[in-house]
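Beneath this line is the structure, given in C-alpha cells, with notes to follow.
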Amino acid sequence: MAETTRIQKALSEGGILSRRKAVELIAQGRVTVNGRPARPGHPVNIRRDVIAIDGQRVVFPRKKELVYIALNKPRGYVTTTSDELGRRCVTQLLQGLSTRVYPVGRLDRNSEGLLLLTNDGQFANFIMHPSHHVRKTYRVTVHQDVTDEMAVHLSTGVNIGTDGQVEMTAPAQVQVLSKEPGRTVLQITIAEGKNRQIRRMCEALGLEVARLRRTAVGPIKLGMLAPGQWRELKPAEVGALRNSATASAPLEAAVLAPEGKPKAKARPVAGRPARGGGRR
C-alpha cells in the first residue's frame with residue numbers, strides 16, 4: 000500500500016512551507032493535488048501525487064539520512080550554526096561530517112561538555128519538549144563552600160527571576176562530590192532547560208561558578224570523549240534516549256551523599272513554600 004501523509008505535514012517535513020503557512024495557502028485554494036484543489040488533511044503520496052502551489056509543481060527532496068551526534072563542546076564556542084559576531088560555532092568542530100546538523104538545546108559559551116546535534120527536527124523537538132522531563136546532569140565547580148542548607152535549597156527550587164519577577168526552578172538532584180576551603184564540586188541533575196539555568200541557580204545563592212560541564216543527557220553519557228571531539232550515536236542509544244523521554248517522570252528533590260545514595264529527602268527551606276514535583 001502506498002505511504003500517504005497529510006498534505007500540510009508533507010509540505011512542512013519537506014521544508015517547503017511551515018504547517019501554518021501550508022494550511023493558509025490550502026484554505027486560499029492555492030494548493031492543488033493532481034490538478035484539483037487540496038483540502039486540509041488531504042492524504043498525499045509525495046512520490047506519486049503531483050502537488051502544486053500557485054500552479055508550480057513542488058519538488059520534494061529525497062528522504063535524508065538521519066544523523067545523531069554527541070559532541071564534547073569546549074569552552075569558547077557558541078551553540079549555533081553561525082554567528083554574526085564572528086565567534087566560533089560548535090558546528091565548526093564537526094570536521095568530516097558532510098550532513099548539516101543542528102544543536103539539540105544549548106550550552107552557553109563558557110560551559111562545556113555533552114551537546115547533542117541532529118538533522119532530525121522531530122527528534123530534537125521531542126527531546127527538548129518540557130513535558131518529557133529528559134534529565135541533564137552537570138558537574139559544577141564553585142568558588143565558595145556549599146552548606147547543607149544551600150544544597151537543599153538548590154534541590155527544592157530556586158527563584159532565578161530578575162527585576163522582582165518570580166521564576167522558580169523545578170526540583171533537582173544535588174550531590175556534593177568534593178569539598179575543600181573555597182572550592183566545592185557539585186553534581187546537579189535537572190529535568191528542565193531554562194536559559195543558563197545552572198548558573199542562575201548558583202548565582203541566586205551567591206555562588207560563583209568556576210566551571211560548568213554537562214556530563215549526561217538522559218542515558219547518553221559524555222564518557223571519555225575528548226574536548227572538541229564527536230561521535231555518532233548508535234541506533235540503540237537513539238532508541239534509549241527516545242524511551243527515556245517517554246518514560247521520564249518529574250524529578251523529586253534530593254540531596255545525595257557522595258556515593259550516590261540519598262542523604263535524606265530534601266525539605267523546603269524555612270520560609271519558602273513547598274513545591275510539587277511536576278512543575279518544569
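Position 189 (the sequence shown) corresponds to 188 in my numbering; numbering is contiguous. Here a beta-carbon is modelled for each residue, glycine too, at the ideal position from N, C-alpha and C.
Counting along the chain, no beta strand (DSSP E) covers leucine 153; the unbroken alpha helix (DSSP H) around it starts and ends at 147 to 155. CA-CA distance, threonine 136 to glutamate 191, rounds to 11 Å. Just measuring C-alpha positions, the residue of Thr161, Ser130, Glu148 and Gln7 sitting nearest isoleucine 52 is Gln7. Remark: C-beta atoms of valine 30 and isoleucine 50 approach each other more closely than 9 Å.
The alpha-carbon separation between alanine 252 and glutamine 186 amounts to approximately 13 Å.
If you draw a straight line from the Cα of leucine 106 to the Cα of glycine 163, it is about 26 Å long.
Contact between valine 145 and leucine 206 is confirmed by a C-beta separation of about 7 Å, below the 8 Å threshold.
In the DSSP annotation of this structure, glutamine 143 is not part of any alpha helix (DSSP H), being labelled neither H nor E. From the listed residues His142, Ser177, Pro226 and Arg182, the smallest Cα separation to arginine 74 is found for Pro226. Isoleucine 50 is bridged by DSSP to Val32. Residue environment for leucine 153: buried (at least 16 other C-beta atoms within 10 angstroms of its C-beta). Look at lysine 220 here: in three-state DSSP terms it is strand.
Taking one beta carbon from each stretch, the region 168 to 179 and the region 75 to 84 have fewer than 3 pairs nearer than 8 Å; the two do not touch. Within the same chain, Cβ atoms closer than 7 Å to the Cβ of serine 11 are found at Ser17, Arg18 and Ala21, the five residues on either side in sequence being excluded. Bounds of any alpha helix (DSSP H) do not take in glutamine 228, whose DSSP letter is neither H nor E. Taking a contact as a CB-CB distance under 8 Å, the pair glutamine 143 and glycine 181 counts as one, their CB atoms being some 7 Å apart. Buried is the label assigned to alanine 123, since at least 16 other Cβ atoms lie within 10 Å of its Cβ.
Burial check for alanine 169: the Cβ neighbour count within 10 Å reaches 16 or more, so the residue is buried.
Serine 130 sits exposed, since fewer than 16 C-beta atoms from the chains shown fall within 10 Å of its C-beta.
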